[in-house]
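See structure below.
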DNA sequence: ACAATAGTTCGACACTTCTCGAACTCTGGA
DNA sequence: TCCAGAGTTCGAGAAGTGTCGAACTATTGT
């Protein structure tokens, strides 16, 4: 078996993360419900004006309590690099990582170099 | 839990199929190594001038024998709708379903309507 | 300091997925 | 008709995944 590159693994991991219906809905919701990044007056790229974990939960499951299950899915998406989460007081604010989404889209469109495949 | 739509499930299934490194490599290989579809004079979408399962196997695993494992992965991709396979004599010729790939890319780029998310 | 809120982590369980080898099917050629 | 070639299907076993409730952590308000 020829080597599977790091990049390939990272991309596969992102696809895997999106391969669960619950997580796909979370991702969809986040993409539609938050402007990805905000830049404050000092020019810093601050994270996401987005929904809290609780609001995501409310939208996805209908419950206002963040279940361990939802927390688990949020973590999967975060570890895969598809979403961001930042503490804001008692809550955690979620945002989507547009770069990652773009990378996947580019991969699918054939824009990215096909890994391990010389032609 | 609000309903998960059919379309969402289909898309999640495609992402899931791409979420395995071996399958991602098969998909990559197919995309780079075959013209996706040919349309004959009657307008029928005929399949793919592409590699055989054995050739895919050779490229991915280095072995010229199609293993049950590779066959399993090809089937997963086929069932998810990402690739096509057509018998040609003793062999099976593989091709990629560009429409499916495009649908996923559109979904990631935010082109598709975010399912179950009213804003 | 205490309680409440918002989420996370942990352990357990059922379920699925990946991999392997063996047996099988389907097709073309001798 | 029998054989070989190209894949597929099946059964089993190991590993991974998703879900749940309970216990835990961090932060804010009193």
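Chains as they are written, first to last, in this note's numbering: chain A, 714 to 832; chain B, 714 to 832. We treat Cβ as the ideally placed atom computed from N, Cα and C, and that holds for glycine.
(message) I want to know whether the segment 719-730 of chain B touches the segment 784-795 of chain B - three or more CB-CB distances under 8 Å.
(response) yes
(request) May I ask which residues mark the beginning and end of the alpha helix (DSSP H) holding residue 765/B? (result) Looking at the DSSP string, residue 765/B is not in any alpha helix (DSSP H), and its letter there is neither H nor E.
(message) Given this structure, state the Cα-to-Cα distance separating residue 771/A from residue 810/A, to the nearest angstrom.
(response) 21 Å
(request) Could you pull the start and end residues of the alpha helix (DSSP H) that residue 811/B belongs to? (result) 811-821
(message) Here's a check: name, in chain order, each residue in its chain whose Cβ is nearer than 6 Å to the Cβ of residue 738/A, leaving out the five neighbours to either side.
(response) 773
(request) Name the two residues that bound the continuous alpha helix (DSSP H) containing residue 782/A. (result) 781-793
(message) Please return the same chain residues whose Cβ sits closer than 7 Å to the Cβ of residue 730/A, not counting the five positions on each side in sequence.
(response) 736, 789, 790, 793, 795
(message) Strictly by DSSP, which residues pair up with residue 796/B?
(response) 809/B
(message) Looking at the strands, I want to know which residues DSSP matches up with residue 738/B.
(response) BP columns for residue 738/B are empty, so no partner.
(message) Measuring only the C-alpha atoms, how far is residue 779/B from residue 745/A?
(response) 43 Å
(message) Would you say the beta carbon of residue 763/B is closer than 8 Å to some non-hydrogen atom of the ligand MG?
(response) Annotation note on the ligand MG: not contained in the displayed structure, which lists no ligands.
(request) State the DSSP-derived secondary structure class of residue 774/A, mapped to helix, strand or coil. (result) helix
(request) Would you kindly check if the distance between the Cβ of residue 806/A and the Cβ of residue 783/A is under 9 Å? (result) no
(request) Check the Cβ-Cβ distances between residue 766/A and every residue of chain B, and say whether any is below 9 Å. (result) no
(request) Report the neighbours of residue 721/B on chain A: residues whose CB is nearer than 9 Å to its CB, in chain order. (result) 734, 737, 738, 741
(request) Assign residue 776/A to one of two classes, buried (16 or more other C-beta atoms within 10 Å of its C-beta) or exposed (fewer than that). (result) exposed
(message) Going by C-alpha to C-alpha distance, which of 818/B, 816/B, 787/B, 821/B sits closest to residue 740/B?
(response) 787/B
(message) Are the CB atoms of residue 732/B and residue 814/A within a distance shorter than 9 Å?
(response) no
(message) Check for me: the alpha helix (DSSP H) holding residue 719/B runs from which residue to which?
(response) 719-731
(request) Tell me, please, whether the CB atom of residue 815/A is closer than 9 Å to any CB atom in chain B? (result) yes
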